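2 protein chains.
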Amino acid sequence: MATLKQVAAHAEVSVQTVSNALNAPHRLRPDTLARVNRSIELLNYRPNRNARSLRTSAVELIGYCVPSWPNRTHLVMDQFLHALCAAAESTGRHILLFTAPPGVDGMSVYDDLHARRLVDGFVLSQTETRDPRHGWLKEQEIPFVSFGRVWKESTQPGPWVDVDGAAGSGLAVRHLHETGRRRIAFVGWPKTSGLAEDRLDGWRTACDSLGLPTAGLSIHCSEDTLDEGARATAALLDSPEPPDGFVALSDILALGALREVTRRGLTPGVDLGITGFDDSPMAEVVSPGLTSLRQPMDDIAAELITILTDPPAGPTERLLLPELVVRGSTAPG
Amino acid sequence: MATLKQVAAHAEVSVQTVSNALNAPHRLRPDTLARVNRSIELLNYRPNRNARSLRTSAVELIGYCVPSWPNRTHLVMDQFLHALCAAAESTGRHILLFTAPPGVDGMSVYDDLHARRLVDGFVLSQTETRDPRHGWLKEQEIPFVSFGRVWKESTQPGPWVDVDGAAGSGLAVRHLHETGRRRIAFVGWPKTSGLAEDRLDGWRTACDSLGLPTAGLSIHCSEDTLDEGARATAALLDSPEPPDGFVALSDILALGALREVTRRGLTPGVDLGITGFDDSPMAEVVSPGLTSLRQPMDDIAAELITILTDPPAGPTERLLLPELVVRGSTAPG
DNA sequence: AGACTGCATTTTAACGTTCAAACGTCTGCG
DNA sequence: CGCAGACGTTTGAACGTTAAAATGCAGTCT
Numbered sequence: 001m002a003t004l005k006q007v008a009a010h011a012e013v014s015v016q017t018v019s020n021a022l023n024a025p026h027r028l029r030p031d032t033l034a035r036v037n038r039s040i041e042l043l044n045y046r047p048n049r050n051a052r053s054l055r056t057s058a059v060e061l062i063g064y065c066v067p068s069w070p071n072r073t074h075l076v077m078d079q080f081l082h083a084l085c086a087a088a089e090s091t092g093r094h095i096l097l098f099t100a101p102p103g104v105d106g107m108s109v110y111d112d113l114h115a116r117r118l119v120d121g122f123v124l125s126q127t128e129t130r131d132p133r134h135g136w137l138k139e140q141e142i143p144f145v146s147f148g149r150v151w152k153e154s155t156q157p158g159p160w161v162d163v164d165g166a167a168g169s170g171l172a173v174r175h176l177h178e179t180g181r182r183r184i185a186f187v188g189w190p191k192t193s194g195l196a197e198d199r200l201d202g203w204r205t206a207c208d209s210l211g212l213p214t215a216g217l218s219i220h221c222s223e224d225t226l227d228e229g230a231r232a233t234a235a236l237l238d239s240p241e242p243p244d245g246f247v248a249l250s251d252i253l254a255l256g257a258l259r260e261v262t263r264r265g266l267t268p269g270v271d272l273g274i275t276g277f278d279d280s281p282m283a284e285v286v287s288p289g290l291t292s293l294r295q296p297m298d299d300i301a302a303e304l305i306t307i308l309t310d311p312p313a314g315p316t317e318r319l320l321l322p323e324l325v326v327r328g329s330t331a332p333g
Numbered sequence: 001m002a003t004l005k006q007v008a009a010h011a012e013v014s015v016q017t018v019s020n021a022l023n024a025p026h027r028l029r030p031d032t033l034a035r036v037n038r039s040i041e042l043l044n045y046r047p048n049r050n051a052r053s054l055r056t057s058a059v060e061l062i063g064y065c066v067p068s069w070p071n072r073t074h075l076v077m078d079q080f081l082h083a084l085c086a087a088a089e090s091t092g093r094h095i096l097l098f099t100a101p102p103g104v105d106g107m108s109v110y111d112d113l114h115a116r117r118l119v120d121g122f123v124l125s126q127t128e129t130r131d132p133r134h135g136w137l138k139e140q141e142i143p144f145v146s147f148g149r150v151w152k153e154s155t156q157p158g159p160w161v162d163v164d165g166a167a168g169s170g171l172a173v174r175h176l177h178e179t180g181r182r183r184i185a186f187v188g189w190p191k192t193s194g195l196a197e198d199r200l201d202g203w204r205t206a207c208d209s210l211g212l213p214t215a216g217l218s219i220h221c222s223e224d225t226l227d228e229g230a231r232a233t234a235a236l237l238d239s240p241e242p243p244d245g246f247v248a249l250s251d252i253l254a255l256g257a258l259r260e261v262t263r264r265g266l267t268p269g270v271d272l273g274i275t276g277f278d279d280s281p282m283a284e285v286v287s288p289g290l291t292s293l294r295q296p297m298d299d300i301a302a303e304l305i306t307i308l309t310d311p312p313a314g315p316t317e318r319l320l321l322p323e324l325v326v327r328g329s330t331a332p333g
């Protein structure tokens, strides 16, 4: 394994000159640069990252805690991680995974990773209401950025990137409206999570602005399962004025709705329209395909990495728009 | 940020003694050790990993390439990554993520990460038939271990851990048999992949040993979708002697089977039994729940890390048994 | 008493890199 | 001709750690 020293000897220059050839090539005379580069190539030299990090005290590694608790994000976690990796790599960085207990208990792990110089900073996800991590990291002056707002908190401690759930619901409502639906229901969770409330608000706002009814068209599911989605859908279909469009808060609930609708002999995409959220892998493999709101993972990841590694002067709160992926479940009726 | 030097000064010993207190405590007199430890605690000292790695030329980081191509493993990737992280951490190591083009094109990325000392070795997954990575890494003498056998290759280049798909099919068949099923079908893919062939063989072997029929009870799906699973199931149900048990090669195909069965007014778990593979998150949220073969992720991860970091003298090929997670889709009929 | 042994600790040097300062050479200008 | 400044390159030191060798000291054996 070649070192700077060996390259320097080969190119007949000093060690520092080789270092400059890599980190500040403009400082070298063109002919020297060419000669050094030839030697680098010839010896197949690769800078030792540990030595570099020791000297500069920057490891170019970003910590990400792999979630251990069942959660909606899991279904698209591979997409997220891939995007995050790619974004990090485009700046010469990499992602370091670790596990930590949720909440305050996990903070010692974050602290340790940073203190031992395994990472420069963190990308947080699985943000919870009143998440304690943000305040703690800010206090320790450890760089971080959060995927997901901290809901129910008056002051926003630290930068975040999130997807505009309200706008997503709006997209779904308008799409259903354009495909001829006139009574559009919302199948959600209780308002306990900011996420649920956000998406519910978006549905109501969009319906209002289109002059569509909302009364009696919103229903809560107690858990994120097909059964619950089906139960809620059944209840709505059994009402005196049943809806012909369903905006479900998750793909799972939407699949439940699809099942119930099909069970009743109705055809999704013909008799009524159904949309989900997050465009999980399931949306593609069911039939008819489920129209769903895709999170713009590449943009999210790029923003996260940018904010973390090269913080812009302006505001560091980014709300990105989801993208409606249209499939058979919302064919024009 | 405290350094060894500062701790040494505080404890009134040499720098090396503090280093020994951490890496070889048996070398210190108990009272010295206690004194040093007190100083470490007091100054909240954490060893700088970069300096350590520079000196020892071991980074305690393991590279894992996050798959970019749609694949069955994606649905359980979060489980896998969590287990892998936890296993790595139990040996003081961590997982570094990266992206690379598939096949030979990606090898330069592996090479680079290793040459620049960002990782000590690699865990491979998404192993493909005649995967070029194994041979290449072995040639470069870069440590690695593969999750998944290299199929269709006479010599096994390098250590691997895999799940015994044939045994899994066997478990499913025997379970269906115990719950009263007597004609058990296999819903699979074409024999192009080793994985598909393995699971198919297991089904056939188990049926044979139980004296169950197999003729006309195996069917291939062209892709991994609900529609294909449903189509295959329909074809089987329409045969003169329809099966009363279905071993599907994937959860997706099994869900398709569930759908078709339900559509015909039959009740899964009552009129017939259905099993899937991999115990993806979907298996739990459908109704009835899908009986599926869970991959023992914790064991897999532990084996991978052990083989990679502390290679046992004996054979380094581990075939682990999947676990049958029984749910409503195979209630006794 | 002298030599040897074993243990606890310190000293020296090195891992491979980059920063800051110093150096030598060339150029332009009064 | 002498000097300032710019440019390209080198020197010296440091980042924080650990391996290996050296040191000092107490106890044991002959």
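If you read the sequences in order, they're chains A and B.
Numbering-wise, UniProt numbering puts 216 at position 216 of the first sequence, and it's gapless, one number per residue.
Numbering-wise, UniProt numbering puts 256 at position 256 of the second sequence, and it's gapless, one number per residue.
Glycine included, C-beta positions come from ideal geometry on N, C-alpha and C.
Just so you know, these numbers come straight off a predicted model, no measurement behind them.
Residue environment, residue i, which counts as buried when at least 16 other CB atoms sit within 10 Å
i	result
Leu236 (chain B)	buried
Glu241 (chain B)	exposed
Thr225 (chain B)	buried
residue 390 (chain A)	Outside the displayed span of chain A (1 to 333) sits residue 390 (chain A), for which this structure offers no information.
Ala34 (chain A)	exposed
Pro159 (chain A)	buried
Val66 (chain A)	buried
Asp31 (chain B)	exposed
Chain B within 8 angstroms of residue i, Cβ atoms only
i	result
Ala257 (chain A)	no
Asp298 (chain A)	no
His94 (chain A)	yes
Pro50 (chain A)	In the sequence on display, residue 50 (chain A) carries Asn and not Pro. Closer than 8 angstroms to some Cβ of chain B, the Cβ of Asn50 (chain A) qualifies, so yes.
Ser53 (chain A)	yes
Ala115 (chain A)	yes
Pro102 (chain A)	no
Leu81 (chain A)	yes
Ile252 (chain A)	yes
Proximity test, Cβ basis, 8 angstroms: residue i and chain A
i	result
Phe98 (chain B)	yes
Thr233 (chain B)	no
Val59 (chain B)	yes
Ile184 (chain B)	no
Asp78 (chain B)	yes
Contacts of residue i in chain A (Cβ-Cβ under 9 angstroms)
i	result
Thr225 (chain B)	Glu284, Val285, Val286 and Ser287
Leu236 (chain B)	Ordered by position in chain A, no residue passes the 9 angstroms Cβ test against Leu236 (chain B), which lies about 18 angstroms from the chain.
Simplified DSSP assignment, three categories, for residue i
i	result
Cys221 (chain A)	coil
Trp189 (chain A)	coil
Ala215 (chain B)	coil
Thr129 (chain A)	coil
Leu293 (chain B)	strand
Ala283 (chain A)	helix
Glu323 (chain B)	strand
Asp299 (chain A)	helix
Interface residues of chain B facing residue i [CB-CB closer than 8 angstroms]
i	result
Glu89 (chain A)	Phe98 and Thr99
Ala86 (chain A)	Thr99
Leu118 (chain A)	Arg49 and His94
Chain A residues whose Cβ lies nearer than 8 angstroms to that of residue i
i	result
Cys221 (chain B)	Residues of chain A passing the Cβ test: none, with the nearest at roughly 12 angstroms.
Ser68 (chain B)	His82
Met1 (chain B)	Ala115
Neighbouring residues, chain B, relative to residue i (Cβ below 7 angstroms)
i	result
residue 337 (chain A)	In the structure as shown, chain A starts at 1 and stops at 333, and residue 337 (chain A) therefore has no counterpart that could be examined.
Asp164 (chain A)	Under the 7 angstroms cutoff, chain B gives no residues; its nearest Cβ is about 25 angstroms from Asp164 (chain A).
Amino acids of chain A, ordered along the chain, whose beta-carbon sits closer than 7 angstroms to that of residue i
i	result
Asp112 (chain B)	Arg46
Proximity test, residue i beta-carbon vs the ligand HEM heavy atom, cut-off 7 angstroms
i	result
Ser169 (chain A)	Here there are no bound small molecules, and the ligand HEM is not part of this structure.
Next item on the list: Please confirm if the segment 237-252 of chain B is in contact with the segment 263-282 of chain B, defined as three or more CB-CB distances below 8 angstroms between the two stretches.
Entry: Taking 8 angstroms as the limit for Cβ pairs, the verdict is that the segment 263-282 of chain B does touch the segment 237-252 of chain B.
Note to self: Check whether the segment 256-269 of chain A and the segment 316-323 of chain B touch, using three or more Cβ-Cβ pairs below 8 angstroms as the test.
What the structure shows: With a cut-off of 8 angstroms, the segment 316-323 of chain B and the segment 256-269 of chain A do not count as touching, because too few Cβ pairs lie within range.
Check: Are at least three pairs of beta-carbons, each pair with one atom in the segment 164-172 of chain B and one in the segment 197-207 of chain B, less than 8 angstroms apart?
Finding: Contact annotation: the segment 164-172 of chain B touches the segment 197-207 of chain B, with at least three C-beta pairs closer than 8 angstroms.
Notebook entry, point to check: Do the segment 92-110 of chain A and the segment 89-98 of chain B touch if we need at least three Cβ pairs shorter than 8 angstroms?
Noted result: The segment 92-110 of chain A makes contact with the segment 89-98 of chain B, as at least three CB pairs between them are under 8 angstroms.
Checklist line | Cβ contact (3+ pairs, closer than 8 angstroms) linking the segment 6-19 of chain B and the segment 280-294 of chain A | finding: Verdict: no, contact absent.
Margin query: Across the segment 38-48 of chain A and the segment 37-51 of chain B, are there enough close Cβ pairs to call them in contact, namely three or more that are closer than 8 angstroms?
Written below: They do not touch, by the three-pair rule.
Margin query: Across the segment 141-149 of chain A and the segment 114-131 of chain A, are there enough close Cβ pairs to call them in contact, namely three or more that are closer than 8 angstroms?
Written below: With the cut-off at 8 angstroms, the segment 141-149 of chain A and the segment 114-131 of chain A touch.
Check: Would the segment 75-86 of chain A and the segment 57-66 of chain B be scored as touching if the rule is three or more Cβ pairs under 8 angstroms?
Finding: Here the segment 75-86 of chain A lies against the segment 57-66 of chain B, with 3 or more beta-carbon pairs under 8 angstroms apart.
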